[in-house]
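Engineer:
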Amino acid sequence: MTIYDLIFYLFAAITVISAFFVVTTRNIVYSAYYLLFTFFGVAGIYVLLGADFIAVVQLVVYVGGILILLLFGVMLTNRITNVQIKTGTIKIAPAAIGVALFAGILGAALLKTNWKTINSEIPISTTHTLGLLLIQQYAVVFELLGILLLIALIGAASMARK
Amino acid sequence: MQNFPILSFITLLPILGMVIILFIPKKQEIVIKSTTLAITAIQLIAAIILLKNFNYALGGVNDPSSFQFIEKFRWIDITGFSWIGRIKIDYFMGIDGISVPLVLLTAIISFIATLSSWTINKSVKGYFAMFLLLDTGMMGVFVALDFFLFYIFWELMLLPMYFLIGIWGGPRREYAAIKFFLYTLFGSIFILIVMIALYFSTTEVLADGTKVFTFNMLSMMNPQNFTATGILSPLNPNNLRLIAYIGLFVGFAIKIPMFPFHTWLPDAHVEAPTAISVILAGVLLKMGTYGILRVCFPIFPEITRQLVWYIALFGMINIIYGALCALAQKDFKKMIAYSSISHMGLVLLGMASLNSMGITGAVFQMFNHGTITAMLFLIVGVIYDRAHTRGLDEFGGLATQMPIYAGFTTLAFFAAIGLPGLSGFVSEAFVFLGAFGFTSIRTLTVISTLGILLGAGYMLWAMQRVFLGSLKDKWASLKDLTFREYAMLVPLSLIVLFLGIYPATMLNLMNSSVNAMVKFMANAQTMYGSLLH
Amino acid sequence: MTGNNLIQIALIILFLPLLGFTVTLFLAKKVKKIFLFETFILIVSFILSVALVFFKLNYFSQTTFTGEVNWINLGSISIDLGVMVDNIAVLMIFVVSLISMLVHLFSIAYMHGDKRYNRYFAYLGIFTFSMNGIVFTHNILMMYIFWELVGLSSYLLIGFWFEKKSASDAGKKAFIVNRVGDLGFFSGILILFATYHTFTFDKIFHQISLGVIPFNSEFWLTVTGILIFAGAIGKSAQFPLHVWLPDAMEGPTPVSALIHAATMVAAGVYLIIRVFPILTGNALEFIAIIGALSAFIPATIAITQNDIKKVLAYSTVSQLGYMVMALGVGAYKFAFFHLVTHAFFKAALFLGSGSVIHAMHHEQDIRKMGGLRKKLPLTYATFLISTLAISGVPLTSGFLSKDGILAGTFAFGNLTGQWFFAFVGFLVALVTAFYMFRLVILTFHGEPRDKEKFDHAHESPFVMVMPLVVLATLSIFIWYTPNPFNPEQGWFLSKWVKAPTIVTPQDARYSFLKSDEIKPEANVPTVQNVPAQTTQEINGSEEEVTFSKTYTEAMEHAHIPAMMLSLGLAGIGILFAFMFYQWKKLDPDKLAEKINPLYKLSLNKWYFDEIYDATFVALTLGISKLFAWFDNYIIDGIVNGSAALTKQVSNFSGKFDNIVVDGVVNGAAYLSGIVGLMFRRLQTGKVQTYIVLVVFSLVIILFIFKSF
Amino acid sequence: MTQIGLNHFLFVSTVLFCLGIFGIITRKNAVMVLMGIELILNSANINFIAFAKYGNFGYQGQIMALFVIILAAAEAAIALAIVLNIYKTFSTVNVDEIDTMKD
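Taken in order, these protein sequences are the chains called A, B, C and D.
Note that numbering that gives the first Met the number 0 numbers the first sequence so that position 123 is 122, with each residue one more than the last.
Note that numbering that gives the first Met the number 0 numbers the second sequence so that position 468 is 467, with each residue one more than the last.
Note that numbering that gives the first Met the number 0 numbers the third sequence so that position 415 is 414, with each residue one more than the last.
Note that numbering that gives the first Met the number 0 numbers the fourth sequence so that position 29 is 28, with each residue one more than the last.
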């Protein structure tokens, strides 16, 4: 049991447990806060996997952007004055059974598969390399994504405004 | 001057004008009208410059080297189609003595028609934009030497004409416009089919030695250029040249219009506004006969010789039938329209003579008919603007009220019935003299001379009903010609008079080409006859 | 003075009136007195024509001058315009410009106060120009051109008072009827041009004399001649196209005098004179028959007419028929002679009638006149002289020319055994004398029948009387011959007018129109093909035999009997006129009742107008209506029908589309709809249900494809 | 307990994925559905990066993950806009009540 292992289990636990709460808590606002922990846990896992830059992006975009957006969504779609920010759950039984079955299959699959793995050297920082990749090999995709984002923003704005 | 692409300039200038007009605000009607006038005036000046630099000695017709002001460059060149090979289309323009009178005519008539359009007050912008587009179409037909280009201009003219009649016309304008459109489109289909068939029968050797199919009309006139197996190739013993010729001829004949394809004309004329009638009679009808002369005759010379009697027959029918129908009309404009049919019959008859006198007469008649009939329609327009009716029987005695107008009318009427000293006589006489010189159509010619008599009949009768006799009270307030109407009628009158007294100016212009054409047609029999053996 | 100068003078004479026309027309509104300019032009042109006649006949009477310019050159074909100055042309131009000038002067007073006064003079100018063109032309195309132009001026002048329906009708009728003749003329030109590729008279004659004839057949040469003559039938108002001339009297009277009596209508005769060399015997015989009919029929009509101008008009037709008949029987010289003399006395008669009408305040009915002798002494005197001339009374010019024509028909009968023409000739001489004196007596003698108008009548002013005097003077024999009984000795016929060389093939001619001594082939080389562009001279002094010896002798023999007979007949005619109308020994009304059908026939002009209206005019209009109907209903019917058919077809295909094609499509849709209904329960519309299903399906799929 | 390897990470991701699906299915509120989707996307990202480390893929996995994050952002924005619209139209964001598509 190394430090690495410990940290992994810690983050995995944070992720899984908070995710569980996300989907089970009745209060949406709480769900959103649990989601924050989930994202944080995932970010930690990224770091463990040697993807420091992605982890930072995960924090910045998900926590700083998407989550806030979701919160806004919650607020805007519920009458704030008489806070009834709770949500019902439906079909718990079939969902649980289905998801359990699915999880079982997936788990079986990943255990049975003989993954060919190598342990590549992890560089200290991935930022420089990723940066180069983004403006060289993936430049076009990158630009296109930028445009896509722009379109999405304008589209979202105009749709929400209607 | 040498390298200036004057033909493209003269052809595409109106399109430029159209674009300019599209940018002028709708309310600025005067500006729109003046712009159009300026454009057509520049076009006219360019045409005169063209005429000045025209070399009278060069023949043209089938010889690419003696065409003038040639502009030729690769326009469309596609190699991608594996199943039809390479498609190569040239932008090929040039003129010879047969087209130059018509280019001049188009420029003159466009200018006059613009003046005549001054009274248009319904969506002015659209009208003049269409008008200029039409101008380009007409001019293009007369200068194009590539069949594809020719066809484009031919169709280009159709659409604006449809709208000009259909929107700015009289009460039954929709009917007339759609009739005109369908008729012409019907003819165009034949032209299109034959054009494509000709394309796949004709080859041209490029500079790099490859042989490609071509739309070049001049290449189509040389039997050496035909492929051995093309369906319209004279080298192919099972060729369909006769059928193709008839199809092509019908396509052009609709435009002339030749009996029995003529009924669109009276309707179109009656409904069209004056300026459009002027264009229609002045230029558009010539496109039919020009097409026959430029395309049918030199590309299918041997078939032409075979069918010449029938061409003359239809010419004769046009002359007599049109004149008789004109005699029965009660509508001033309709009468003029039928007289047009009659006069265009003369062109057919003249072309059928295949000798220099007859063809000269035919081409000259095209020009003269253009100016004279334009005058006649302007005259109808003048009276219609004032009285809002065109019934021949509703007038009477206008010569007292509008003496100058009556004077111009007399001039135009007598020009139309071929009074010596006016241009109509020369062309009419040439057509008859030429046609009579061709033995096989002699009888038809003699019968056709009846048209002279009938022409005098309906014109003078109309003259009497409208201008002579006592003046009716309700017309006592009609005003004589305005300055604008002078500006339209005086130049045309001067042309009619001048060409009547000294026709040589125009005849010399076309003489070399006509002679070349006659020579080419005369040699055709032996040239084509020997190909098959 | 050379030939070139003569041509220059001729050109000036030709174009001066055109200048007058242009100036007068354009300044008609602006300058009140512009008609004086036009009149002045005519005076100048008359003086020039006097000079021309003088020099030509005195110094160059044997030569023909031509000058030409190239008009159109097509390479293979070139057309020249040109003038030809020969004796006939100068004599004719003298007649034309003299009468034209006199008519201008006369009109100054006659037309005074008309609202289109100046325009009238302009029209006269264009007429004179065109007429001069006809006279001077050296080719047949130019002849046709000016032929049409005189037609135009005639149209304009007949319809001058176009407010009257009858006037505009008459103008139209004149033009169209003339066009009928012109159609023949033009066809003749077509044949000539197709054969000879030239229009010039000389060149055509030359080629015919070399034996080149249309379609290698004498028959077609005859046809050509007759076709060209058709032009003359129209213009000279010969039977059966004479109907326009009486109607043409709707025009102002001076116009009738100038155009419809003296000059333009004589152009037809002039045309035959010009093309005389190419007329074959058969063609001439045809011409003679037409001439005879035209001489006779109008003469019978003239007897019963009551309009002073109508009587003169019919007499004009009749006299023109005389000339045409004379040409037909080969009396070439006398035909031209009669043309000249007739021009003078008929112009005098018309202007005289104009003077009467003027005096009577535009009353034209002779039944309302009478006794005007006292009121209009000068008019009466000149009118009488002219009447004597037309009736063929000795000492007048008419006697000389008419007698010559009658002698010609007499000789013709003698030589060929056909006495028909002589018979008609003498009969018409009788009738002419009768109706002319009827006119004179009813107008000038006896008691006035319309007292009021008579009282207001007065002699015309000087400018009107002067022309009458001049013309009447010219109707005296002395101007033409010193011997009042034998014109052949006079300078006119012996020196000035020469019969032309006939060029038609020998066997196609009249037997007497060829030499019975010298072989004509010998003459051929003398007619040289003179190069174009230069003044050419054809020497006429050689022995060119037009008439055979026999003919000349026959003419001499016919002279005296013909003269006696015609004198006697004229005397009888005059006598009867006096019996009927002056002394009232006989009652014309009773006679009319007795021969009522004939009287009616004559009064109604042989019903020509009615017959033409009922046949040709009605037929043409009928056909035109039929064609218009055909155009509107059949051709357009087919067009619209095919459009309707297309519509129907498209309707049908639309229905087909709706029912069958769409039916199949809708059926398929319906089927899937039913299937869909069955599965519809699965569709709750709730997203989560779908996802559950997806998850379950995924599980199942993974179980099935368990590759692990 | 073996050393931490690929399977561990994949296992975490599987759990996350299943929870995401569970959330999507069971929650009524549309925003909650979105949250489920975010969970699924995160699980996918973990897979990408895990494979990038243990498979021989260099940085491509990381790049892909980056792009997924970007797309997730775009998607969230659009989806929330749609949700707002739905709310305006139906006055509710409960997805089980929005079943007009049924007919």
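Don't be surprised by glycine CBs; every beta carbon is placed ideally from N, CA and C.
Between the alpha carbons of residue 525 of chain C and residue 404 of chain B, how many angstroms are there, rounded?
Structural biologist: At residue 525 of chain C the pLDDT is 42, less than 50, meaning the model places this residue with poor confidence and gives no usable figure here.
Engineer: Would you mind listing the alpha helix (DSSP H) stretches within the region 145-204 of chain B that are 4+ residues and don't spill past its ends, in chain order?
Structural biologist: If only complete runs of 4 or more residues are kept, the region 145-204 of chain B shows the alpha helix (DSSP H) at 146-167, 172-198, in order along the chain.
Engineer: With H, G and I counted as helix, E and B as strand and the rest as coil, what does DSSP make of residue 88 of chain D?
Structural biologist: helix
Engineer: Within 10 angstroms of the Cβ of residue 470 of chain C, are there 16 or more other Cβ atoms? Answer buried if so, exposed if not.
Structural biologist: buried
Engineer: If you follow the beta strand (DSSP E) that residue 70 of chain C is part of, which residue opens it and which one closes it?
Structural biologist: 64-72
Engineer: Quick check on the DSSP output: what are the complete alpha helix (DSSP H) runs of length 4 or more inside the region 136-165 of chain C, in order along the chain?
Structural biologist: 139-157
Engineer: What is the rounded straight-line gap between the Cα of residue 33 of chain C and the Cα of residue 13 of chain C?
Structural biologist: 20 Å
Engineer: CB-CB under 7 Å to residue 418 of chain C, same chain, minus the five flanking residues each way: which ones, in chain order?
Structural biologist: 412
Engineer: Which word fits residue 272 of chain C, buried or exposed, when buried means at least 16 other C-beta atoms lie within 10 angstroms of its C-beta?
Structural biologist: buried
Engineer: Identify whether residue 338 of chain B lies in helix, strand or coil by the three-state DSSP scheme.
Structural biologist: helix
Engineer: To which residues of the same chain is residue 53 of chain D closer than 6 Å at the C-beta, ignoring the five residues directly before and after it?
Structural biologist: Scanning its chain for C-beta atoms nearer than 6 Å, with the 5 sequence neighbours on each side dropped, one finds around residue 53 of chain D the residues 5, in chain order.
Engineer: Shorter than 7 Å, the distance from the beta carbon of residue 294 of chain B to the closest heavy atom of the ligand FMN, or not?
Structural biologist: With respect to small molecules bound, the structure shown includes none, and the ligand FMN cannot be examined in it.
Engineer: What number of angstroms, rounded off, separates the C-alpha of residue 538 of chain C from the C-alpha of residue 63 of chain C?
Structural biologist: Confidence in residue 538 of chain C is poor, its pLDDT being 39 and thus under 50, which makes the residue's placement too unreliable to answer from.
Engineer: Report yes or no: is there a C-beta of chain A within less than 8 Å of the C-beta of residue 691 of chain C?
Structural biologist: yes
Engineer: Does the Cβ of residue 155 of chain A have 16 or more other Cβ atoms within 10 Å, making it buried, or fewer, making it exposed?
Structural biologist: buried
Engineer: Pull up the DSSP beta-bridge partners for residue 67 of chain B, would you.
Structural biologist: Note: residue 67 of chain B sits in a beta bridge opposite B:94.
Engineer: From residue 293 of chain C to residue 259 of chain B, what does the alpha carbon distance come to, in whole angstroms?
Structural biologist: 44 Å
Engineer: For residue 511 of chain C, report the span of its alpha helix (DSSP H) as first-last.
Structural biologist: Careful: residue 511 of chain C lies outside any alpha helix (DSSP H) and carries neither H nor E.
Engineer: Taking Cβ positions only, does residue 503 of chain B come closer than 8 Å to chain C?
Structural biologist: yes
Engineer: Between the beta-carbon of residue 43 of chain B and the beta-carbon of residue 94 of chain B, is there less than 8 Å?
Structural biologist: no
Engineer: Does the region 97-105 of chain B come into contact with the region 136-145 of chain B, if we say contact requires no fewer than three beta-carbon pairs (one atom in each stretch) closer than 8 Å?
Structural biologist: yes
Engineer: Alpha carbon to alpha carbon, how far is residue 17 of chain D from residue 10 of chain D? Give it in angstroms, no decimals.
Structural biologist: 11 Å
Engineer: Beta-carbon separation of residue 325 of chain B and residue 334 of chain B under 8 Å?
Structural biologist: Yes.
Engineer: How many Å lie between residue 521 of chain C and residue 551 of chain C at the Cα?
Structural biologist: Since pLDDT at residue 521 of chain C reaches only 40, below the 50 mark, its modelled position is unreliable, and no value is offered.
Engineer: Considering residue 79 of chain C, what are the terminal residues of the beta strand (DSSP E) in which it resides?
Structural biologist: 77-84
Engineer: Answer yes if the region 85-94 of chain C comes into contact with the region 128-145 of chain C, meaning at least three C-beta pairs across the two stretches below 8 Å, and no otherwise.
Structural biologist: yes
Engineer: Examine the Cβ distances between the region 31-40 of chain B and the region 121-131 of chain B and report whether three or more of them are shorter than 8 Å.
Structural biologist: yes
Engineer: Compare the Cα-Cα distances from residue 480 of chain B to each of B:434, B:246, B:385 and report the closest residue.
Structural biologist: B:385
Engineer: Among the residues of its own chain, which have a CB less than 8 Å from the CB of residue 147 of chain C, if the five just before and after it don't count?
Structural biologist: 181
Engineer: Taking only the alpha-carbon atoms, compute the straight-line gap between residue 699 of chain C and residue 105 of chain A and give it to the nearest angstrom.
Structural biologist: 13 Å
Engineer: By Cβ distance below 6 Å, which residues in the same chain neighbour residue 562 of chain C in space, the five residues on each side in sequence not counted?
Structural biologist: 402
Engineer: Kindly list the residues whose CB is nearer than 7 Å to the CB of residue 232 of chain B, restricted to its own chain and excluding five residues on each side of it in sequence; keep chain order.
Structural biologist: The answer, listed in chain order, is 200, 225, 226, 238.
Engineer: Using a beta-carbon distance below 8 Å, is residue 647 of chain C in contact with chain D?
Structural biologist: no
Engineer: My understanding is that residue 502 of chain B touches residue 422 of chain B, with C-beta atoms under 8 Å, so please give their C-beta distance in whole angstroms.
Structural biologist: 7 Å
Engineer: Is there a Cβ of chain D sitting closer than 8 Å to that of residue 57 of chain A, yes or no?
Structural biologist: yes
Engineer: Along the chain, where does the beta strand (DSSP E) containing residue 212 of chain B start, and where does it finish?
Structural biologist: 210-212
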